[in-house]
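If you count the sequence shown from 1, position 1 lands on 152 in the working numbering, and the numbers rise without skipping.
No residue lacks a Cβ here, since even glycine has one placed at the ideal position from N, Cα and C.
Notes for the one structure printed next.
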Amino acid sequence: MTAVTAESLKLPEIRIRMPTSFNETVIEEFRANEGKVGGPFEGGDLLLLTTTGARSGTQRTTPLGYVRHGGLILLVGSNLGAPSHPGWYHNLLAHPVVRVEIGTRTFQALAVPAEGDRRDELFAHAVRSAPGYGDYQARTTRLLPVVVLERADPDGWQGPGEVRTLADKVMEVHTWLRGQLREVAAEVEAHFAERAAHRGPGEPPAPSLGLQIRQRCLAFCQALEFHHTSEDGHLFPGIARYHPHLGDTFARLADEHRTVARIQAALVELLAGIGIAEPARFRSELARMSAELNAHLDYEEETIVPLLAEVPWPPVPPVPPASAPGGDGGDGAGRGDGDGAGSA
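The following block contains the structure:
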């Protein structure tokens, strides 16, 4: 099944300390040889990470070494021991949904930096697996971040059995969005339980789930924004041409989308203060916002989704006109642009 967030966000802006041409050469070799690369990377665990630029919003790809820990995929933001974090790390903090290529597999992932004791535990494992990370840490006073890549379409994810229509696709997105809200709520409860368990003098420790909650919230908000932009800009106008009697429905949905955007901003602000929040008030606000967001999804499913049940997904391309007798079938326009655009 296609990952719900696949192609849902534009992807990455990246800088590391090697020349761009070197990165491009590695990327091309990786993709041409089913994930195998020679030279300094030969025999190592290498993946391609595509992120969205924190400021530019442009899409770039970076080859990175990775470490496995059980079922986890770990990245270390070493930047060769430089005093600042690598560009790809800043990007995933702003846009946590990333694209990952390992071998011949490509999937979407939620990138979550580990914190506190968990970060230390995972970094120690990374150093045991690849001692060079310890050398990089020794070169800098900054704490090298450890990022966990969590698949955005994990096994057991409950979406439509098979996506055959546009209705199925919308329901797939809605199911993923609801799942993210449930995960945020569960992580919030885990945070408050951890805080309540604190004993002894002094302030409770910083929330170990703080970044995890933040990243999941951002992933939810960005996916929802893209979903609504696609609906308002493409899906709804097309439906309205064939169903003019639904004008009031589309007007209400457009108004709801503006309301939902405000709720999203409030949700991000609410979660930013989780470290000092009063639990009862926080839970109440989160429940209220979640209920409003779910009610909006319910309304879309009642009014719009049934109209999409006959629309095939993925879209069927138009049938090209037949070539004239004796013609050469065109001038090659369908062969791609030849400039490596597919490697971005």
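Apart from the five residues on each side of it in sequence, which residues of its chain come closer than 8 Å, Cβ to Cβ, to residue i?
| i | result |
| --- | --- |
| residue 257 | 250, 251 |
| residue 185 | 254, 255 |
| residue 334 | 367 |
| residue 443 | 410, 411, 414 |
In three-state terms, what does DSSP make of residue i?
| i | result |
| --- | --- |
| residue 321 | helix |
| residue 460 | coil |
| residue 436 | helix |
| residue 427 | coil |
| residue 316 | strand |
| residue 419 | helix |
| residue 278 | helix |
| residue 189 | coil |
| residue 184 | coil |
| residue 241 | helix |
| residue 290 | coil |
| residue 348 | coil |
| residue 441 | helix |
| residue 379 | helix |
| residue 222 | coil |
| residue 234 | coil |
| residue 93 | Only positions 152 to 495 of the chain appear in this structure, which leaves residue 93 out of reach. |
Classify residue i as buried or exposed, calling it buried when 16 or more other Cβ atoms lie within 10 Å of its own Cβ.
| i | result |
| --- | --- |
| residue 282 | exposed |
| residue 393 | exposed |
| residue 449 | exposed |
| residue 319 | buried |
| residue 103 | The structure shown does not extend to residue 103, since the chain is modelled only from 152 through 495, so no value can be given for it. |
| residue 204 | buried |
| residue 260 | buried |
| residue 425 | buried |
| residue 380 | exposed |
| residue 457 | exposed |
| residue 408 | buried |
| residue 342 | buried |
| residue 413 | exposed |
| residue 401 | buried |
| residue 313 | exposed |
| residue 371 | buried |
| residue 455 | buried |
| residue 289 | exposed |
| residue 248 | buried |
| residue 365 | buried |
| residue 181 | buried |
| residue 344 | exposed |
| residue 274 | buried |
| residue 246 | buried |
| residue 427 | exposed |
Between residue i and the rest of its own chain, which residues show a CB-CB distance below 7 Å, the 5 nearest in sequence each way excluded?
| i | result |
| --- | --- |
| residue 299 | 223, 225, 263, 265 |
| residue 378 | 324 |
| residue 460 | 316, 318 |
| residue 302 | 258, 260 |
| residue 417 | 440 |
Just grab the DSSP bridge partners of residue i for me.
| i | result |
| --- | --- |
| residue 259 | 250 |
| residue 388 | Residue 388 pairs with nothing; no bridge assigned. |
| residue 210 | 203 |
| residue 264 | 298 |
| residue 216 | 197 |
| residue 227 | 297 |
So, using beta-carbon positions, are residue i and residue j closer together than 8 Å?
| i | j | result |
| --- | --- | --- |
| residue 270 | residue 234 | no |
| residue 202 | residue 239 | yes |
| residue 411 | residue 375 | yes |
| residue 451 | residue 404 | yes |
| residue 199 | residue 178 | yes |
| residue 296 | residue 228 | yes |
| residue 291 | residue 194 | no |
Measuring only from the beta carbon, is residue i closer than 7 Å to any heavy atom that is part of the ligand ATP?
| i | result |
| --- | --- |
| residue 211 | The ligand ATP is not among the ligands present in this structure, which contains no ligands whatsoever. |
Using C-beta distances below 6 Å, list every residue in its chain close to residue i, excluding the 5 sequence neighbours before and after it, in chain order.
| i | result |
| --- | --- |
| residue 421 | 436 |
| residue 441 | 332 |
| residue 236 | 228 |
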